[in-house]
Amino acid sequence: MTQSAIVRSGLTSRKHQLRKPLSSLAVKGLKWEMADLADVPPHQGLRVKANKSGSKSWYYRYRVGNKLRQITIGSYPSMDLAEAREEYRKYKKLRDINIDPKTSQQQDKELFKRTIEKSDDEVHTFQRMVERYIVEKLENTRQPKGTREIQRIMEKDLGSLAPLVVGDGLRTTIHNHIFEISKRSKDVARVFRRELNCAWQYAFNTGYTNISCPINSDIGGTLKQGQRLRVLTDKELSELLPWMHNYSETVRDALTLTLYTGLRSGEVCRLRDDWLVESAGTWNIVIPSHEMKIPHADHVVPLVGRALEIAKKRRGSGYWFKSRTGGHVEQKVLGVEVYSHSGRSNAKTYEAQSVCPVGNWSPNDLRKTARTHLAKLQCPYEIGEKILHHKLLGVAGLYNQYNYEEERREWLTTLGDHFDRLWGQSHE
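Take 1 as the starting number for the sequence shown in the numbering used here and just add one per residue.
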């Protein structure tokens with residue numbers, strides 16, 4: 001075969017590969033450093049891209065005359081491949097009858113805005129103010145996931161404020177309303193106060209009210225939770241660890257990895273196959289820096305003992321802790337299950353749940369527990385901080401660039417053996 005024939009053969013093969021239909025597996029494995037993925041006929045024009053934030057967006061690319069245009073039609077995993085194709089077909093039908101999908105999409109949003117503006121005539125209620133803020137401001141400035149969460153909180157907790165007309169003389173009413181929310185959760189009350197303040201400021205800035213927002217840091221009281229200092233003792237761990245079979249397997253494994261590796265529970269929830277690396281008989285999790293809460297470098301986590309067993313058991317299907325709706329489980333799933341077994345709730349849903357023998361702890365307390373027990377075992381300060389992916393402060397962090405990988409493996413082995421003894425099962 002001639003050189004030109006080989007080249008042509010390679011190009012043909014490459015073209016064939018590129019024309020494969022999109023698959024759920026390909027979409028799931030797409031990373032932000034990679035090029036967009038495109039579907040093929042009969043869904044040509046449907047594409048998906050990974051964003052640096054970790055989210056993925058579906059969009060439809062098409063031509064109007066000689067101009068290339070595109071519109072975003074959803075986000076993954078809240079919209080899976082089948083749903084994206086269904087949404088694509090709706091816009092494709094508009095394109096087939098010479099209607100620009102982008103224009104149609106904008107008209108739909110404008111129609112929704114006008115519907116909000118027309119309802120209740122000129123009565124500017126708190127509910128109307130919040131709805132307008134979400135539609136006009138949040139949907140254009142925040143990620144879809146964050147917008148949905150704010151919308152959920154505001155809809156749930158607006159309560160008796162919803163029908164009230166925005167005006168003067170409501171300072172005490174608002175204070176009492178937020179104060180009642182804080183009795184249930186200071187975090188929720190703080191978010192509610194912040195977003196209600198933003199909604200009022202937006203309404204004032206855009207002319208829907210001429211009443212200045214009265215909400216400040218005193219309204220609703222002090223809403224700071226304060227830093228949690230909870231660390232589980234040897235005695236508490238010896239009670240908790242054998243009892244953890246009462247949690248679901250997903251939650252039990254996630255909590256165990258948090259304790260045995262010192263990872264944040266949110267990072268554990270996002271663990272996936274392509275972060276697991278094996279070399280010369282040793283295993284590591286390598287989390288890219290952009291996936292870390294503090295993205296100063298990739299985080300290499302040596303896997304040993306029980307943590308390695310969990311990794312090998314859960315690998316093979318993309319995310320290790322998969323959600324029923326696609327993607328990975330949210331961090332709050334761990335907190336909810338821990339709370340459901342805490343005995344602190346009066347909800348009927350949790351009446352039949354067995355009560356954990358160790359009280360007043362949260363998943364992230366396990367990370368503090370890991371660090372504290374490393375210190376107790378006399379792990380050197382620099383190694384302990386590297387295990388938690390903390391950046392060494394000051395001149396020490398500037399001059400000391402050693403990664404302590406082997407030392408971290410040794411001390412995580414020591415820590416795991418310590419926890420195994422408390423669990424009642426030797427790992428030797």
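Ideal Cβ positions, reconstructed from N, Cα and C, are used throughout, including at glycine.
Residue environment for Gly343: exposed (fewer than 16 other C-beta atoms within 10 angstroms of its C-beta). Restricting attention to Asn176, Leu229 and Ser317, the CA atom closest to the CA of Thr222 is found in Asn176. In this structure Asp36 is not in contact with Leu22, their Cβ atoms being roughly 11 Å apart against a cut-off of 8 Å. Met244 and His373 have their alpha carbons spaced roughly 19 Å apart. Note that the segment 209–221 does not touch the segment 358–369; fewer than 3 beta-carbon pairs, one per stretch, sit closer than 8 Å. Residue environment analysis places Arg193 among the buried positions, since at least 16 neighbouring C-beta atoms fall within 10 angstroms of its C-beta.
According to DSSP, Tyr60 shares a beta bridge with Leu46 and Ile71. Rounded to whole angstroms, the Cβ separation of Arg252 and Asn364 is 16 Å, and the two are not in contact under 8 Å. Residue burial annotation: Gly384 is buried, with at least 16 other C-beta atoms found within 10 angstroms of its C-beta. Glu195 and Phe126 have their C-alpha atoms roughly 12 Å apart. Exclusion of the five residues before and after Leu30 leaves Leu37, Val48, Ala50 and Lys56 as the residues of its chain whose Cβ lies within less than 7 Å of its Cβ. For Thr282, the uninterrupted beta strand (DSSP E) run begins and ends at Thr282 to Ile287, by DSSP.
When Cβ pairs closer than 8 Å are counted between the two stretches, the segment 256–276 is seen to touch the segment 287–298, the count reaching three or more. Annotated three-state conformation of Glu33 is coil, per DSSP. Bounds of the beta strand (DSSP E) holding Ser279 are Leu276 to Ser279. Val268 sits close to Thr258, with the two beta carbons spaced by under 8 Å.
In this structure Tyr208 is in contact with His124, their Cβ atoms being roughly 6 Å apart against a cut-off of 8 Å. Nearest neighbour of Val355 by Cα position, chosen from Lys348, Tyr339, Leu366 and Arg367, turns out to be Tyr339. If you draw a straight line from the Cα of Thr414 to the Cα of Pro77, it is about 39 Å long. Secondary structure note for Leu164: it is in no alpha helix (DSSP H), with a DSSP letter that is neither H nor E. Taking Cys379 as the centre and dropping the five residues before and after it, the same chain places the C-beta of Trp411 closer than 7 Å to its C-beta, in chain order.
Leu196: member of the alpha helix (DSSP H) spanning Lys186 to Asn205, first to last residue. For Val165, the closest alpha carbon among the candidates Asp187, Asp157 and Arg128 is that of Arg128. Annotation: the segment 297–333 contains the following complete segments of the alpha helix (DSSP H) (minimum length 4 residues), in chain order: 305–314. About 38 Å separates the Cβ atoms of Ser160 and Asp80, ruling out a contact at the 8 Å cut-off. Excluding the 5 residues flanking it on each side, His418 has same chain C-beta neighbours closer than 7 Å at His373 and Leu377, in chain order.
Boundaries of the alpha helix (DSSP H) harbouring Ser238: Asp234 to Trp243, taken from the DSSP string. The DSSP-derived three-state label of Arg272 is strand. Within 10 angstroms of the beta-carbon of Ile73 lie 16 or more other beta-carbons, which makes it buried. Assigned with DSSP and collapsed to three states, Ala352 falls in coil, not helix or strand.
DSSP places Thr222 in the coil class of the three-state scheme, outside both helix and strand. Per DSSP, the beta-bridge partners of Tyr76 are Lys56.
Residue environment for Lys235: exposed (fewer than 16 other C-beta atoms within 10 angstroms of its C-beta). Nearest in C-alpha terms to Trp32, of all of Arg184, Leu158 and Ser53, is Ser53. Counting along the chain, the unbroken alpha helix (DSSP H) around Asp157 starts and ends at Pro144 to Asp157. Sequence-distant partners of Val304 (beyond 5 residues in either direction) whose C-beta falls short of 7 Å from its own C-beta, in its chain, are Arg409, Leu412, Thr413 and Gly416.
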